[in-house]
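Q: Residue numbers (UniProt numbering): 1 to 185. Before I ask anything, here is the structure I am working with.
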């Protein structure tokens, strides 16, 4: 974690923090890591989950903080795994997803960044990237990166060197960075 930072990123997932740190550095924002387990309510709404996680994170660290929640929404599975993506990945992994999916491989990766400070009124920043689920698991990356091919690409997130420039997380963090810089004056 940088010795001085503009705000914290609360998560137990170091991969998410590392991506967020690199992306926000491009916008001149220094991010510190607050490694913690956050309460994750079970809900069909990513926004509600992100809101609760942001409040929980601020309650724990008492400093300006962001959290990230995301989900993979597969059309042929009626949006499954959606907000349950982490649990489903831990349970059946990419192999399980590939077994479930039909001919329609269309999907969206959605990310929400939630910022919370002493106002205790989280602000949400949402973005999504449309794509397809690959037929095979590719090497590299983490989570669903080895099976998600973003629109206008012919490689999975795991295979793309510039993933951090086109991902759902990048777009949400870019929206947050613009808002945060304006808020700071």
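Positions of the beta carbon are idealized from the N, C-alpha and C atoms, including for glycine.
Alpha carbons only, please: which of 20, 125, 104 is nearest the one belonging to residue 50?
A: Position 50 of the chain shown, counted from the first residue, corresponds to residue 50. When each option's Cα is compared against that of residue 50, the closest is 125.
Q: In whole angstroms, what separates the C-alpha of residue 103 from that of residue 147?
A: Start at 1 with the first residue of the chain shown, and residue 103 comes out as number 103. Start at 1 with the first residue of the chain shown, and residue 147 comes out as number 147. Straight-line Cα distance between these residues: approximately 15 Å.
Q: Please name the residue in 117, 134, 95, 93 whose C-alpha comes closest to that of residue 107.
A: The residue you call residue 107 lines up with position 107 of the chain shown. Of the listed residues, the one whose Cα sits closest to residue 107 is 134.
Q: Where does residue 77 fall in DSSP's three states?
A: As a working note, residue 77 is residue 77 in the chain shown. Three-state result, residue 77: helix.
Q: Look at the alpha carbon of residue 9 and the alpha carbon of residue 16, and state the distance between them as a whole number of angstroms.
A: Here residue 9 corresponds to residue number 9 of the chain shown, with the count starting at 1. Here residue 16 corresponds to residue number 16 of the chain shown, with the count starting at 1. Roughly 9 Å between the two C-alpha positions.
Q: Sort 56, 166, 30, 117 by Cα distance to residue 41 and report the nearest one.
A: For the purposes of this step, residue 41 is identified with residue 41 of the chain shown, where counting begins at 1. Checked all of 56, 166, 30, 117; the closest Cα to residue 41 is 56.
Q: Tell me the DSSP secondary structure of residue 37 in three-state form.
A: Start at 1 with the first residue of the chain shown, and residue 37 comes out as number 37. Three-state DSSP puts residue 37 in coil, outside helix and strand.
Q: I want to know whether the segment 57-76 touches the segment 159-178 - three or more CB-CB distances under 8 Å.
A: yes
Q: Once DSSP output is grouped into helix, strand and coil, what is the label at residue 28?
A: As a working mapping, residue 28 is identified with position 28 in the chain shown. Coil, per DSSP.
Q: Just to confirm the assignment, what range does the alpha helix (DSSP H) spanning residue 106 have?
A: Position 106 of the chain shown, counted from the first residue, corresponds to residue 106. Where residue 106 is concerned, there is no enclosing alpha helix (DSSP H), although the beta strand (DSSP E) it sits in stretches over 106-116.
Q: Can you name the start and end residues of the alpha helix (DSSP H) that residue 96 belongs to?
A: Translated into positions along the chain shown, residue 96 becomes position 96. Segment 85-100, the alpha helix (DSSP H) holding residue 96.
Q: Could you tell me whether the segment 84-95 touches the segment 139-158, where touching means 3 or more Cβ pairs closer than 8 Å?
A: yes
Q: Whole-angstrom Cβ separation of residue 160 and residue 109, contact assumed at under 8 Å?
A: In the chain shown, the residue the question calls residue 160 occupies position 160. In the chain shown, the residue the question calls residue 109 occupies position 109. About 13 Å separates the two Cβ atoms, so there is no contact after all.
Q: From residue 61 to residue 151, what distance separates their C-alpha atoms?
A: Taking the first residue of the chain shown as 1, we reach residue 61 at position 61. Taking the first residue of the chain shown as 1, we reach residue 151 at position 151. Roughly 38 Å between the two C-alpha positions.
Q: Expressed to the nearest angstrom, what Euclidean distance is found between the alpha-carbon atoms of residue 138 and residue 165?
A: Taking the first residue of the chain shown as position 1, residue 138 is located at position 138. Taking the first residue of the chain shown as position 1, residue 165 is located at position 165. In a straight line, the C-alpha of residue 138 is about 20 Å away from that of residue 165.
Q: Since residue 132 is in the beta strand (DSSP E), which residue starts that stretch and which ends it?
A: Taking the chain shown and counting its residues from 1, the one referred to as residue 132 is at position 132. Counting along the chain, the beta strand (DSSP E) containing residue 132 begins and ends at 123-133.
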